Amino acid sequence: MNDWRKSSHSTGGGSDGTDCVELANLGTTIGIRDSKAPMHGNLSVPHASFVQLAEHIRQLP
Numbered sequence: 001m002n003d004w005r006k007s008s009h010s011t012g013g014g015s016d017g018t019d020c021v022e023l024a025n026l027g028t029t030i031g032i033r034d035s036k037a038p039m040h041g042n043l044s045v046p047h048a049s050f051v052q053l054a055e056h057i058r059q060l061p
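Numbering (UniProt numbering), first residue to last: 1 to 61.
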């Protein structure tokens, strides 16, 4: 079982505050999924690609 985590800063946009993405270290990749619908699967990206994505997001205004 993977340890899926979401940001402690996440309050969500939904009425119950559950609208968020979750992340998990899946070994050779990082898993990204919708916290509202984890049964719908996840997007798996290589660690290096996830780091590039996170750096890009941090630089956005």
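Think of the CB as a built atom: it goes at the ideal place given N, C-alpha and C, for glycine as much as any other residue. Here the structure is a predicted model, which means the values were calculated and not measured.
Quick one: measure Cβ to Cβ for residue i and residue j, integer angstroms, because I've assumed they're closer than 8 angstroms.
{"i": "Val21", "j": "Arg5", "result": "Their Cβ separation, rounded to whole angstroms, is 10 angstroms, which puts Val21 and Arg5 out of contact at 8 angstroms."}
{"i": "Val45", "j": "Ile57", "result": "That pair is no contact at about 13 angstroms."}
{"i": "Asn2", "j": "Ala24", "result": "4 angstroms"}
Can you tell which of the options has its C-alpha closest to the C-alpha of residue i?
{"i": "Leu43", "options": "Leu26, Gln52, Ser7, Pro61", "result": "Leu26"}
{"i": "Ser49", "options": "Thr28, Asp19, Pro61, Gly41", "result": "Thr28"}
Tell me the DSSP bridge mates of residue i?
{"i": "Glu22", "result": "Arg33"}
{"i": "Ser44", "result": "Gly31"}
{"i": "Arg5", "result": "Leu23"}
Residues in the same chain with beta-carbon distance under 7 angstroms from residue i, minus the five sequence neighbours each way, listed in chain order, please.
{"i": "His40", "result": "Asp34"}
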